[in-house]
Every structure is written in structure tokens, then in C-alpha cells.
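Novice: Residue numbers (the working numbering): 4 to 302.
Just so it is clear, CB atoms sit at the ideal spot from N, CA and C, and this is done for glycine as well.
Since the structure is predicted, the reported quantities are computational estimates derived from the model, not experimental observations.
Before anything else, here's the structure in question.
What follows is the structure, given as C-alpha cells:
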């Protein structure tokens, strides 16, 4: 199948995920911002993921539209290669999402299994610092792509002007980062699930022990679902990029579409699995605060 045909087939699906993703993530950020019961560490970090998803989807639009036209040349072409054509902005925001999900897993592990250990406890001030560090690290990691990417007239395409060995090192480093993050999340959630469902050793909250356990199970279910969906959508692109498949190939285009799909699924997860978020949406629709006591997404 030709590249142009693939783009035409994917066009309506891109339109759908961009509209749904921007709308859904904006709703989540609005609910978190307007409801004090949602002012929690986990929700602030999930809002950071929502912000990164919105940025990804916004920059997805010009990058996809540009596929249907002849790519500009010269300095304008190089600028577009850096910021639009090769989706490096999405590279930053996807790293932000992955690192944020890793921080969430560590924060939940520490809060549920080691509540007296203050070393990894994320208070509101520390959350802001953690979010700034996540964005800083992500930008620094993708910065070499912005520097080396340019438009080459002889290839009539965007070209990464670095040695093959440097490319291999870079993508190996990215794969290692993803592997470490995945390992950390797997360990944290495995320990939490074991404590919640099999050992029942979590320190009780002020609620009844049974209700407290159910609340914690709900939030962990949401977080694990979000994390698994993110990696299912992200790993194919890592593999395709690592083996240097052409950006015009069907596999590359499908892997990129899957990456952007990950940016619209989280709000769907919240709607189906969080009663408090559904209540927040109803209150937002009615434009009045709820009179009922709700539990946060975070127990």
C-alpha cells in the first residue's frame, strides 16, 4: 500500500482522536482545577499527563496535514522538519507522559506501602518541582533531534545529520530509559497489587478497613490501566524507530498513529472507572458545586 493511500485511510481516524483527545483531556484538567476534592498528588500528576497529551495532539495536526503537500525546502523546510514534520514535540510530550506515570507508580508505592517514609513523599510543592524536572529532562533528551534534523534537497526529505553510531547510541539510550521506567512501574504495581489483593497488609485509613481497601483498589486499577495502555501504544514506535524503518512505510505510519491514539484514551478510562470523576463532570455540566461528599481519585 502506498504512503499516500495510508495517509488518506488514517485521516478520519486522526481527526477523531485529535478532537476526542483535546476535548477529553481538557475536561479532566478542568475538573481537577475546579474541584478541591481532586487536589491530590496523583490527580496533579495525571493532569500533567493530560497537558502533555493535548500538546501532542495540537502539534499532530500540522504534521499530518503537511504529508499531503510538497515539503518546503531550505531554511523553512529545516524548521518544519525540526518542529512539525518529524514530530519531535510529540517526542518530548510522550517522554513527559512516560516519566510522569513512572513517578506516579513510585508515589503510590510509597504512599500505600511506606506511608511513614518521607524521603519519596510528594507534597504539593514537591509535585511542582517533580513536574518541572520531568519537562526539563524530556526537553534535554529530545534536544539533539532538534539540533541535527534538517531538510536535505538531495534526498527531498528530512534528514538526521549524524553518524550511524550516534543514532544507535541515542535510540539504545531511549530504549534503556523506557525499559527502566517499565521495570520500576512493574515492580511498584506488583508490590501494591500483592499487598492489596493477596496479603491485605496496607495500613488502614480513617474509613472502614473494607471501604478503604476498595478505594485503594479502584485507584490502582485506574493507574495500571492507564500505564498499560500507554506502553501498548508507545512500544511499537520505539521498536520501529530503533530498526530505522522508513518514515514512509506502513509500519512506521501505523506505529505513529498508535502513539497519538494513546493521547485520547485516558479520559475514557477515567469516565468508566472513576465515579468521582463522573460526578465532577455532572457538576461541571450543571455549573454548580456538588452537595455530596466525594472521594478523590486518590484514596
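For residue 155, name the three-state secondary structure that DSSP assigns.
Specialist: In this structure, residue 155 counts as strand in the three-state DSSP scheme.
Novice: Which class does residue 163 belong to by DSSP, given the choice of helix, strand or coil?
Specialist: In this structure, residue 163 counts as strand in the three-state DSSP scheme.
Novice: Under the rule that 16 or more other beta-carbon atoms within 10 Å means buried, what is residue 7, buried or exposed?
Specialist: Residue 7 is exposed by the Cβ-count criterion.
Novice: Do the region 216–231 and the region 101–113 touch if we need at least three Cβ pairs shorter than 8 Å?
Specialist: The region 216–231 vs the region 101–113: in contact.
Novice: Where residue 24 and residue 263 are concerned, what is the direct C-alpha to C-alpha distance, given to the nearest angstrom?
Specialist: Roughly 9 Å between the two C-alpha positions.
Novice: Does residue 91 come out as helix, strand or coil in the three-state DSSP assignment?
Specialist: Helix.
Novice: Evaluate residue 19 with the Cβ neighbour count: other Cβ atoms within 10 Å of its Cβ, from every protein chain shown; 16 or more gives buried, anything less gives exposed.
Specialist: Looking at its Cβ environment, which holds fewer than 16 other Cβ atoms inside 10 Å, residue 19 is exposed.
Novice: If I measure Cβ to Cβ from residue 60 and keep anything under 6 Å in the same chain, skipping five residues before and after, which residues do I get?
Specialist: Answer for residue 60: 21, 24, 25 and 266, listed in chain order.
Novice: Measuring alpha carbon to alpha carbon, tell me which residue in 150, 35 and 117 is nearest residue 198.
Specialist: Selected option, being the one with the closest Cα: 117.
Novice: What did DSSP end up calling residue 282 once you bin it into helix, strand or coil?
Specialist: Residue 282 falls in the helix class under three-state DSSP.
Novice: In chain order, what residues of the same chain have a beta carbon less than 7 Å from the beta carbon of residue 174, not counting five sequence neighbours either side?
Specialist: Only 244 and 245 meet the Cβ criterion.
Novice: If you follow the alpha helix (DSSP H) that residue 50 is in, where does it begin and where does it stop?
Specialist: Here the alpha helix (DSSP H) through residue 50 covers 44–68.
Novice: Helix, strand or coil for residue 73 per DSSP?
Specialist: DSSP places residue 73 in coil when its eight states are reduced to three.
Novice: How far does the alpha helix (DSSP H) with residue 264 in it reach, from first residue to last?
Specialist: Residue 264 -> alpha helix (DSSP H) spans 253–276.
Novice: How many Å lie between residue 238 and residue 120 at the Cα?
Specialist: Distance between the alpha carbons of residue 238 and residue 120: 33 Å.
Novice: Residues in its own chain within less than 8 Å of residue 187 by CB, not counting five upstream and five downstream?
Specialist: Once the five neighbours on either side are set aside, the close Cβ partners of residue 187 are 105, 108 and 109.
Novice: Going by beta-carbon coordinates alone, are residue 91 and residue 152 separated by less than 9 Å?
Specialist: Yes. Within cutoff.
Novice: Nearest-angstrom Cα distance between residue 43 and residue 128?
Specialist: Cα-Cα distance, rounded: 12 Å.
Novice: Would you kindly check if the distance between the Cβ of residue 161 and the Cβ of residue 96 is under 9 Å?
Specialist: No, the pair does not count as a contact, with Cβ atoms beyond the cut-off.
Novice: Residue 126 to residue 133, Cα distance in whole Å?
Specialist: Near 10 Å, if we compare the C-alpha coordinates of residue 133 and residue 126.
Novice: On the criterion of 16 or more Cβ atoms from any shown chain inside 10 Å, does residue 131 qualify as buried, or is it exposed?
Specialist: Burial call: exposed.
Novice: Tell me whether residue 118 sits in a helix, a strand or coil according to DSSP, three-state version.
Specialist: Here residue 118 sits in coil by DSSP.
Novice: With distance defined between alpha-carbon atoms, name the residue in 11, 115 and 182 nearest to residue 45.
Specialist: Nearest C-alpha to residue 45: 115.
Novice: Put residue 126 into one of helix, strand or coil per three-state DSSP.
Specialist: Coil.
Novice: Looking at the structure shown, is residue 249 part of a helix, part of a strand, or coil, going by DSSP?
Specialist: Here residue 249 sits in coil by DSSP.
Novice: Do residue 270 and residue 28 count as a contact pair if the criterion is CB distance below 9 Å?
Specialist: Yes, the Cβ-Cβ distance between residue 28 and residue 270 is below 9 Å.
Novice: Helix, strand or coil for residue 38, going by three-state DSSP, please let me know.
Specialist: Note: residue 38 maps to coil in three-state DSSP.
Novice: If residue 273 sits next to residue 31, beta carbons under 8 Å apart, how far is it from one beta carbon to the other, in whole angstroms?
Specialist: Contact flag correct, Cβ pair sits at about 6 Å.
Novice: Give the secondary structure of residue 288 by DSSP, where H, G and I count as helix, E and B as strand, and everything else as coil.
Specialist: Of the three classes helix, strand and coil, the one that applies to residue 288 here is helix, per DSSP.
Novice: With distances taken Cα to Cα, identify the nearest neighbour of residue 15 among 146, 232 and 68.
Specialist: When only C-alpha atoms are compared, the closest one is 68.
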